[in-house]
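Q: The sequence shown maps to residues 1441 to 1850 in the numbering used here.
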Amino acid sequence: SPTTITAVDVLVTSPGRNFVTLRITTADGVVGLGDATLNGRELAVAATLRDHIVPLLLGQDAHRIEDTWQFLYRSVYWRRGPVTMTAIAAVDVALWDIKAKLAGMPLYQLLGGASRSGVLAYAHASGRDVPALLDSVRQRIEEGFRAIRIQTSVPGVRTVYGVSSAPSPTGRYSYEPAKRGPLPAEEDWDSQAYLRHIPGVFETVRAEFGAELPLLHDAHHRLTPIQAARLGTDLEPYRLFWLEDVTPAENQEALRLVRQHTTTPLAIGEIFNTVWDYQTIIREQLIDYVRSSVVHAGGITGLRRILDYAAQYQVKSGMHGPTDISPVGMAAATHLSLAIHNFGIQEYMQHDPITSEVFRTSFTFTDGLLHPGEEPGLGVEYDEDAAERFPYERAYLPFARLADGTIHDW
Ligand code: GCO
Ligand code: MG
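1) Buried or exposed: where does I1493 fall if 16 or more other Cβ atoms within 10 Å of its Cβ makes it buried?
2) Taking 7 angstroms as the cut-off, is the CB of E1710 close to at least one heavy atom of ligand 1?
3) Let me check you understand the geometry: is the CB of E1787 closer than 7 angstroms to at least one non-hydrogen atom of ligand 1?
4) Confirm the yes/no value for this check: CB of D1849, any heavy atom of ligand 4, distance under 7 angstroms.
5) How long is the line joining the alpha carbons of P1665 and P1688, rounded to whole angstroms?
6) Using beta-carbon positions only, say whether D1729 and P1705 come within less than 8 angstroms of one another.
7) Around the Cβ of G1611, are there at least 16 other Cβ atoms within 10 angstroms (buried) or fewer (exposed)?
8) Can you give me the Cβ contacts of R1586 inside the same chain, cut-off strictly under 6 angstroms, excluding the 5 residues immediately before and after it?
9) Note the first and the last residue of the continuous beta strand (DSSP E) segment covering Y1822.
10) Tell me whether the stretch 1791-1810 and the stretch 1498-1516 touch, counting them as touching only if at least three CB pairs, one residue from each stretch, are closer than 8 angstroms.
11) Can you list, in chain order, the residues of its chain whose CB lies under 8 angstroms from that of I1847, leaving out five sequence neighbours each side?
12) Under 8 angstroms: do the stretch 1457-1476 and the stretch 1811-1826 share three or more Cβ pairs, one atom per stretch?
13) Check G1567 in the structure and name its three-state DSSP category.
14) According to DSSP, what are the bridge partners of M1525?
15) Any heavy atom of ligand 2 inside 7 angstroms of the beta-carbon of H1660?
16) Here's the rule I'm using: 16 or more other beta-carbon atoms within 10 Å means buried, otherwise exposed. How should S1766 be labelled?
17) So, N1458 versus Y1832, is the Cβ gap smaller than 8 angstroms?
18) DSSP three-state call for T1846: helix, strand or coil?
19) Using CA atoms only, rank isn't needed, just tell me which of W1629, G1709, F1712 and E1643 is closest to R1679.
20) Opposite E1627 in the DSSP bridges: which residues?
21) Could you give the DSSP three-state label for W1518: helix, strand or coil?
22) Can you have a look at P1609 and say buried or exposed, based on whether 16 or more other CB atoms are within 10 angstroms of its CB?
23) Can you tell me whether W1629 is buried or exposed? The criterion is at least 16 other CB atoms within 10 Å of its CB, across all chains shown.
24) Starting from H1657, follow its DSSP beta bridges and name the residues at the other end.
25) Within its chain, find whatever has a CB closer than 6 angstroms to the CB of V1523; leave out the 5 residues flanking it on each side and keep chain order.
26) At a cut of 8 angstroms, does the stretch 1550-1560 reach the stretch 1512-1521 through at least three beta carbon pairs?
27) What are the start and end residues of the alpha helix (DSSP H) that includes E1482?
28) Any heavy atom of ligand 2 closer than 7 angstroms to the beta-carbon of E1684?
29) I'd like to check one pair, T1453 with A1827: are the Cβ atoms closer than 8 angstroms?
30) Three-state secondary structure (DSSP) at P1609?
31) Using the rule of at least 16 other Cβ atoms within 10 Å of the residue's Cβ for burial, across every protein chain shown, is W1716 buried or exposed?
32) What I want to know is whether the C-beta of H1760 ends up closer than 7 angstroms to one or more non-hydrogen atoms of ligand 1.
33) Roughly how many angstroms separate the alpha carbons of T1599 and A1565, rounded to a whole number?
34) According to DSSP, is S1757 helix, strand or coil?
35) Which of helix, strand or coil does DSSP assign to R1598?
36) Determine, using beta-carbon pairs with one atom in the stretch 1693-1700 and one in the stretch 1668-1683, whether at least three such pairs fall under 8 angstroms.
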């Protein structure tokens, strides 16, 4: 039939950073793209797709999205996990791209149509000291952002998550955690120094930019429950939009203690991959925002299931959108964010300009809002010739040690 899958390609490229893309082609020549990028473990997903999943897709009907999702989820037997769920996500998104192209509609139309005029996006601002941070916030506001994530250095700590140390080759002063090279970079950490420093930073940012600007912060899984409760309480005067990943992600119960102590809204889940990771924290209303991306939580199909569950408990979306979500993943996020009812906010870290030599996108960013555009499907094209100019380079995320050498959560 015309919608039979006749080719599936796993494409690895590194325009500015590594990306894995799945390309599915039907007998009629309709092409769908899915993002399969798992930062620092890219080739594991590429191998799962190439060696195990591609043979299962050839000859199948591209229209059967739900059945394909269930087949890939249940037939693996070893369910869940980031590698499997990222691979499933890439297939799922590529099939949605094909279905929307065949329908002649932008994907958000198939997902129920627009629920809003645009998708509120937040940017990253960071600085090695407070004046540099304030400059970074100003720059983001000038770029049009209406919500800003604040990360800053901590006195006495050499390198801190979320703070850029140097401008990129293209001049953009942005933070990129994955470092090319044979070994991961070692960073250091001191939770007490961090807890002492951060509230004053937010006090200064609020004093400078006023009460209305939505401010976010990411604690990147580093605190114990009682430390997280302290931070949430200390930040209450500054009315954060959210405080993200305060405790390590494995322990859902940890958030009970945090929640008892603070009204600072909580977000978690960028490293979760199924609804089961959220079971307790959504049912007990321990969080306010779901951080999962389309890419790491089983695609449009997987993430929509999580968000429908979340909606029953007034929990909203806050999809992960760092540079390690490729333009394909960002496009999918924008379509889904436009369509769902319980949208909260969308992270938009912005790719290095060189990335657009490979990925041609049609989503737009205007006055603080993302819009997926009106191209049929996802609205992303992959330039294979350009991609070949940027071969894969091994890159690792950093890890952290305390002053006495103990490994800490990064
Ligand atoms: C975020 C994230 C990222 C991650 C990165 C790891 O909130 O955007 O925490 O910065 O660290 O995606 O690959
Ligand atoms: Mg985060």
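In this text, a Cβ means the ideal position worked out from N, Cα and C, and glycines have one as well.
A: Reading from the atomic positions:
1) Buried is the call here.
2) E1710: yes, Cβ under 7 angstroms from ligand 1.
3) Yes, ligand 1 has a heavy atom inside 7 angstroms of this Cβ.
4) Within the structure as shown, ligand 4 is missing, the only ligands being ligand 1 and ligand 2.
5) Their Cα atoms are separated by approximately 9 angstroms.
6) In the sequence on display, residue 1729 carries Tyr and not Asp. Yes. Within cutoff.
7) The predicted model places G1611 with a pLDDT of 47, which falls under 50 and marks its position as unreliable; any figure quoted below should be read in that light. So G1611 counts as exposed.
8) The answer, listed in chain order, is G1808.
9) Counting along the chain, the beta strand (DSSP E) containing Y1822 begins and ends at V1820 to Y1822.
10) For the pair of segments examined, the stretch 1791-1810 was found not to touch the stretch 1498-1516: the number of CB pairs separated by less than 8 angstroms stays below three.
11) The residues are F1839, A1840 and R1841.
12) Taking a cut-off of 8 angstroms on C-beta distances, the stretch 1457-1476 touches the stretch 1811-1826, as three or more cross pairs fall below it.
13) When DSSP states are grouped into helix, strand and coil, G1567 belongs to the strand group.
14) Paired residues: none, contrary to the question.
15) H1660 Cβ: within cutoff of ligand 2.
16) S1766 is buried by the Cβ-count criterion.
17) It is a contact, given that the beta carbons lie within the stated cut-off.
18) When DSSP states are grouped into helix, strand and coil, T1846 belongs to the coil group.
19) A check of alpha carbon separations from R1679 across W1629, G1709, F1712 and E1643 identifies E1643 as the nearest.
20) Note: E1627 sits in a beta bridge opposite A1840.
21) W1518 falls in the coil class under three-state DSSP.
22) In this prediction, P1609 scores a pLDDT of 48, lower than 50, which makes its location untrustworthy; no coordinate-derived value is stated.
23) With at least 16 other beta carbons inside 10 angstroms of its own, W1629 counts as buried.
24) In the DSSP output, where bridge partners are listed per residue, H1657 has L1683.
25) The residues A1484, V1485 and T1488, in chain order, have a CB closer than 6 angstroms to that of V1523 in the same chain once the five nearest residues on each side in sequence are set aside.
26) No, the stretch 1550-1560 is not in contact with the stretch 1512-1521.
27) Per DSSP, E1482 belongs to the alpha helix (DSSP H) from E1482 to A1487.
28) Ligand 2 has a heavy atom closer than 7 angstroms to the beta-carbon of E1684.
29) Contact flag set, yes.
30) Unreliable positioning characterises P1609 in this predicted model, as indicated by a pLDDT of 48, which lies under 50. The coordinate reading is nonetheless provided below. In the structure shown, P1609 sits in coil (DSSP, three-state: anything other than H, G, I, E or B).
31) W1716 sits exposed, since fewer than 16 C-beta atoms from the chains shown fall within 10 Å of its C-beta.
32) H1760 has its Cβ nearer than 7 angstroms to a heavy atom of ligand 1.
33) The alpha-carbon of T1599 is positioned some 16 angstroms away from that of A1565.
34) Strand.
35) In the structure shown, R1598 adopts coil according to DSSP, grouped into three states.
36) With the cut-off at 8 angstroms, the stretch 1693-1700 and the stretch 1668-1683 touch.
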